[in-house]
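A.B. asks: Below: one structure in structure tokens.
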Amino acid sequence: MITHIHHINFVVADLDKSVSYFQTLLTQSATIEELPQRLVKTARFKVGESLLVLVQPLSNEGVVADILTNKGEGIFLLSFATESIDESLQKLELNNLEKRMGLQQWSICDLADHDKFGAILQLTETPKS
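Each residue of the sequence shown is one higher than the one before, counting from 1 in my numbering.
What follows is the structure, encoded as structure tokens:
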């Protein structure tokens, strides 16, 4: 079952500049992390139950770099929180989709790439407390 929007990702060309803007707008500090396996650096902000994630490519390679080059800055991913990715995939009658580990041991599964809806759609299951 989908419970809420887990996170929204914005691709940005200059993470420092974007972090400064959102820190002022949201009156909070960002959590900064590098994800070398995904070739990106991120900054996360908590907004209610959801996260706003700024993502800057670390090189000209990778999915995020391609999106920045081809579409420019902006929203590129919308992730829905679910209590169980497996149950959600079963309800959607989607088979053979791969799950992977995300930040903070999140289990993630992409549902559709950015070409279908203008943004990547995915499910995120967080570890049980």
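Where a beta carbon is used, it is the ideal one built from N, C-alpha and C, also for glycine.
Could you tell me which of 47, 76, 27 and 108 sits nearest to residue 88, measuring between CA atoms?
C.D. replies: The shortest C-alpha separation from residue 88 is found at 108.
A.B. asks: Taking contact to mean at least 3 C-beta pairs separated by less than 8 angstroms, is the segment 17–34 in contact with the segment 42–62?
C.D. replies: Touching, yes.
A.B. asks: I need the straight-line Cα distance from residue 84 to residue 49, nearest angstrom please.
C.D. replies: The straight-line gap from Cα to Cα measures roughly 17 angstroms.
A.B. asks: Which of helix, strand or coil does DSSP assign to residue 127?
C.D. replies: Reduced to three states, the DSSP call for residue 127 is coil.
A.B. asks: Pairs of beta-carbons, one from the segment 53–69 and one from the segment 94–102, closer than 8 angstroms: are there three or more?
C.D. replies: Segments in contact, no.
A.B. asks: Please go through the same chain and pick out, in chain order, the residues whose beta-carbon is closer than 8 angstroms to the beta-carbon of residue 119, but skip the five residues on each side of it.
C.D. replies: Excluding sequence neighbours, residue 119 sits near 75, 76, 77 and 78.
A.B. asks: CB residue 67 to CB residue 6, shorter than 8 angstroms?
C.D. replies: It is not a contact, given that the beta carbons lie outside the stated cut-off.
A.B. asks: Terminal residues of the continuous beta strand (DSSP E) containing residue 9?
C.D. replies: Counting along the chain, the beta strand (DSSP E) containing residue 9 begins and ends at 2–11.
A.B. asks: Nearest CA to the CA of residue 52: which residue from 1, 32, 39 and 71?
C.D. replies: Residue 32 is the option with its Cα nearest to residue 52.
A.B. asks: So within the segment 65–102, which uninterrupted beta strand (DSSP E) runs reach at least 3 residues, ignoring any that extend past its ends?
C.D. replies: Those beta strand (DSSP E) runs which fall completely within the segment 65–102 and span 3+ residues are 74–82 and 99–101.
A.B. asks: Would you please state the rounded distance, in angstroms, between the beta carbons of residue 3 and residue 82? I believe it to be under 8 angstroms.
C.D. replies: About 7 angstroms separates the two Cβ atoms, so the contact holds.
A.B. asks: Once DSSP output is grouped into helix, strand and coil, what is the label at residue 115?
C.D. replies: Residue 115 falls in the helix class under three-state DSSP.
A.B. asks: Please report how far the alpha carbon of residue 54 lies from the alpha carbon of residue 93, in whole angstroms.
C.D. replies: Their Cα atoms are separated by approximately 31 angstroms.
A.B. asks: Judging by CA-CA distance, which residue of 122, 117 and 8 is the nearest neighbour of residue 110?
C.D. replies: Residue 110 has its Cα closest to that of 122, out of 122, 117 and 8.
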